[in-house]
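Visitor: Following the working numbering, the numbering of the sequence shown begins with 34 at its first residue and continues without gaps. Glycine residues also receive a C-beta, built at the ideal position from the N, C-alpha and C atoms.
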Amino acid sequence: MGEFEQRLREIYGDSFEEKVQETIAKYEGLLTREVAIKLLAKENGLIKDEPKKISEIKPGAKKIWLRAYVKEVEPTRTFGGKKMRAIVLKDETGEIKLKLWNDQIDMLKKIKIGDLVEVKYAYEKNGLSLSYGGAVSVVEEAKLTPLALIQEGNVSLKEIVESVEGRVQTRKGEFFVFYISDGERKVKCIIVEGIDRGERIRPGEEILIQNARYKSDAVWINSKSRMMIKSRVAKGVVEDMRVEGGKLIVVFKGNGERVLERKEAVEFLGAGGVADDIDLETILNLKKENIIGKEVILP
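(1) Buried or exposed: residue 416, going by 16 or more other Cβ atoms within 10 Å of its Cβ?
(2) What are the uninterrupted segments assigned as beta strand (DSSP E) that are 3 or more residues long and contained completely in the region 94–166, given in chain order?
(3) Pull up the distance between the alpha-carbon of residue 119 and that of residue 171, whole angstroms please.
(4) Short of 8 Å in beta carbon distance, which residues of its chain neighbour residue 89, apart from the five on each side in sequence? Order them along the chain.
(5) Mind the definition here: the region 289–305 touches the region 244–259 only if three or more C-beta pairs lie below 8 Å; say whether that holds.
(6) Can you grab the Cα-Cα spacing for the pair residue 147 / residue 242, in whole Å?
(7) Give the secondary structure of residue 77 by DSSP, where H, G and I count as helix, E and B as strand, and everything else as coil.
(8) Using only alpha-carbon positions, find the residue among 100, 70 and 74 that is nearest to residue 83.
(9) If you follow the beta strand (DSSP E) that residue 291 is part of, which residue opens it and which one closes it?
(10) Would you call the region 163–179 and the region 138–154 touching, i.e. three or more CB-CB distances under 8 Å?
(11) One question on the structure: do residue 209 and residue 232 come within less than 9 Å of each other, judged by their Cβ atoms?
(12) Considering only residues of the region 233–282, which uninterrupted beta strand (DSSP E) runs meet the minimum length of 3 residues and lie entirely inside it, listed in chain order?
(13) For residue 219, count neighbouring Cβ atoms within 10 angstroms of its own Cβ and tell me buried if that reaches 16, exposed if not.
(14) Work out the CA separation of residue 214 and residue 74 for me, nearest whole Å.
(15) Using DSSP bridges, identify the partner residues of residue 187.
(16) Using three-state DSSP, classify residue 42 as helix, strand or coil.
(17) Just mark residue 333 as buried or exposed, buried being the case when its beta carbon has 16 or more other beta carbons within 10 Å.
(18) Pull up the distance between the alpha-carbon of residue 299 and that of residue 270, whole angstroms please.
(19) State the Cα-Cα distance for the pair residue 236 and residue 263, rounded to the nearest angstrom.
(20) Take residue 110 and list the residues in its own chain whose beta-carbon comes closer than 6 Å to its own, dropping the five residues that flank it on each side.
(21) Go ahead and pull the three-state DSSP assignment for residue 284.
(22) Could you check the C-alpha separation between residue 137 and residue 130 for me, to the nearest Å?
(23) Could you please give me the residues that DSSP links to residue 223 through a beta bridge?
(24) In chain order, what residues of the same chain have a beta carbon less than 7 Å from the beta carbon of residue 293, not counting five sequence neighbours either side?
(25) Measure the beta-carbon distance from residue 41 to residue 77 and round it to whole angstroms, keeping in mind my assumption that it falls under 8 Å.
(26) Report yes if the C-beta distance between residue 139 and residue 86 is below 9 Å; otherwise report no.
(27) At what residues does the alpha helix (DSSP H) containing residue 324 begin and finish?
(28) Is the beta carbon of residue 317 sitting closer than 9 Å to the one on residue 252?
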């Protein structure tokens with residue numbers, strides 16, 4: 034007598050066999066006695082669902098529930114008109130690839146390398162794929178390394194692009210070089226593989242770099258590293274400010290200008306609690322002297 038059967042006999046008493054037969058009949062006789070007992074055990078809380086470990090996933094398995102860390106995010110590929118993007122998942126027992134197709138790829142927009150993710154309703158066929166209604170979502174976000182605390186080893190960073198040097202030819206080949214900054218520290222970034230990715234990087238952008246390596250005072254970015262341009266920001270020394278048409282115009286020294294709506298302008302000027310009937314020109318006149326000549330970052 035198995036453990037579940039013994040526990041169920043304690044719960045149902047003399048009606049145990051009757052319950053087993055009722056369960057088998059409910060599924061039109063398609064269940065074995067063993068499976069019926071497992072279903073009853075689950076109904077009674079004796080079997081609790083838990084995420085599988087990667088090593089426990091069998092070929093052809095269905096309805097897979099998994100929690101694992103994102104080790105790698107591969108580029109999008111096209112097969113016969115269909116788009117596919119894969120991520121490599123890892124836990125303490127092994128690694129497995131999850132393939133996402135077409136609209137499913139949008140699930141990766143908020144997923145980063147190092148995130149702990151949950152995969153629901155997947156099936157195994159040469160790796161994992163999502164069944165209808167399946168999903169992958171973030172359980173716990175990966176920690177980013179502050180530039181001030183960067184140390185040699187693997188890093189994930191989110192900083193502002195300060196400048197772009199571009200393609201550089203060396204004895205070891207062609208690289209792409211740019212610099213990131215947190216406003217105080219400046220660090221060199223070198224793309225050594227997939228250097229065409231560097232062509233879309235512009236100064237003032239916020240960039241997310243994942244699975245790179247910091248060594249020799251530089252961030253080294255290879256084919257397994259991921260780069261995402263999060264947003265374009267304005268950064269520079271404020272040369273002048275003025276109000277036009279109820280909007281604030283911030284002029285940067287040698288770096289163009291930025292137009293802010295009233296709400297953004299009030300926050301930028303450090304007057305977030307001011308009443309709506311206070312003219313923006315008045316607020317600017319009170320705050321202007323403290324901002325002109327200073328370096329600022331505007332998202």
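Guide: This is what the structure gives:
(1) Past the edges of the chain, shown from 34 to 332, lies residue 416, and the structure says nothing about it.
(2) Runs of the beta strand (DSSP E) inside the region 94–166: 97–106, 110–112, 115–124, 127–134 and 149–157.
(3) The residue labelled residue 119 in the question sits at position 86 within the sequence shown. The residue labelled residue 171 in the question sits at position 138 within the sequence shown. About 16 Å.
(4) For the purposes of this step, residue 89 is taken as the residue at position 56 of the sequence shown. Apart from sequence neighbours up to five positions away, the residues of its chain that approach residue 89 with a beta-carbon distance below 8 Å are 126, ordered along the chain.
(5) At 8 Å Cβ cutoff, the stretches do not touch.
(6) As a first step, residue 147 is located in the sequence shown; it is residue number 114 there, counting from the start. As a first step, residue 242 is located in the sequence shown; it is residue number 209 there, counting from the start. Roughly 12 Å separates the two Cα atoms.
(7) The residue labelled residue 77 in the question sits at position 44 within the sequence shown. Secondary structure at residue 77: coil, using DSSP grouped into helix, strand and coil.
(8) In the sequence shown, counting from the first residue as 1, residue 83 sits at position 50. Selection 100, 70 and 74 evaluated against residue 83 yields 100 as nearest (Cα-Cα).
(9) Looking up residue 291 in the sequence shown gives position 258. Where residue 291 is concerned, the enclosing beta strand (DSSP E) starts and stops at 290–293.
(10) With the cut-off at 8 Å, the region 163–179 and the region 138–154 touch.
(11) Position 176 of the sequence shown holds residue 209. Position 199 of the sequence shown holds residue 232. Yes, these two residues count as a Cβ contact at 9 Å.
(12) Counting only runs of 3 or more, we get 238–248, 251–254, 259–265 and 267–277.
(13) Here residue 219 is taken as the residue at index 186 of the sequence shown, counted from 1. Classification for residue 219: exposed.
(14) Residue 74 sits at position 41 when you count from the first residue of the sequence shown. Residue 214 sits at position 181 when you count from the first residue of the sequence shown. Computed Cα separation, rounded: 58 Å.
(15) Position 154 of the sequence shown, counted from the start, is the residue given in the question as residue 187. Here residue 187 is bridged, per DSSP, to 246.
(16) Numbered from 1 along the sequence shown, position 9 holds the residue referred to as residue 42. Here residue 42 sits in helix by DSSP.
(17) No answer is possible for residue 333: it lies beyond the span of the chain, which begins at 34 and ends at 332.
(18) Sequence index remark: in the sequence shown, residue 299 carries index 266 (1-based). Sequence index remark: in the sequence shown, residue 270 carries index 237 (1-based). Our two residues, residue 299 and residue 270, have alpha carbons roughly 19 Å apart in a direct line.
(19) If you number the sequence shown from 1, residue 236 lands on position 203. If you number the sequence shown from 1, residue 263 lands on position 230. Those two C-alpha atoms are separated by around 13 Å.
(20) As a first step, residue 110 must be located in the sequence shown, where it is residue number 77. Excluding sequence neighbours, residue 110 sits near 117.
(21) Counted from its first residue, the sequence shown places residue 284 at position 251. Here residue 284 sits in strand by DSSP.
(22) Mapped onto the sequence shown, residue 137 falls at position 104. Mapped onto the sequence shown, residue 130 falls at position 97. Rounded to whole angstroms, residue 137 to residue 130 spans 15 Å at the Cα level.
(23) Your numbering for residue 223 matches position 190 in the sequence shown. For residue 223, the pairing in a beta bridge is given by DSSP as 210 and 253.
(24) Taking the sequence shown and counting its residues from 1, one reaches residue 293 at position 260. Within the same chain, Cβ atoms closer than 7 Å to the Cβ of residue 293 are found at 280, 281, 283 and 301, the five residues on either side in sequence being excluded.
(25) Within the sequence shown, residue 41 is the residue found at index 8, counting from 1. Within the sequence shown, residue 77 is the residue found at index 44, counting from 1. Yes, they are in contact, since the Cβ atoms of residue 41 and residue 77 sit about 7 Å apart, within 8 Å.
(26) Against the sequence shown, residue 139 aligns to sequence position 106. Against the sequence shown, residue 86 aligns to sequence position 53. No.
(27) Taking the first residue of the sequence shown as 1, we reach residue 324 at position 291. Where residue 324 is concerned, the enclosing alpha helix (DSSP H) starts and stops at 313–324.
(28) On the sequence shown, position 284 is the one that residue 317 refers to. On the sequence shown, position 219 is the one that residue 252 refers to. Not a contact, by the Cβ cut-off of 9 Å.
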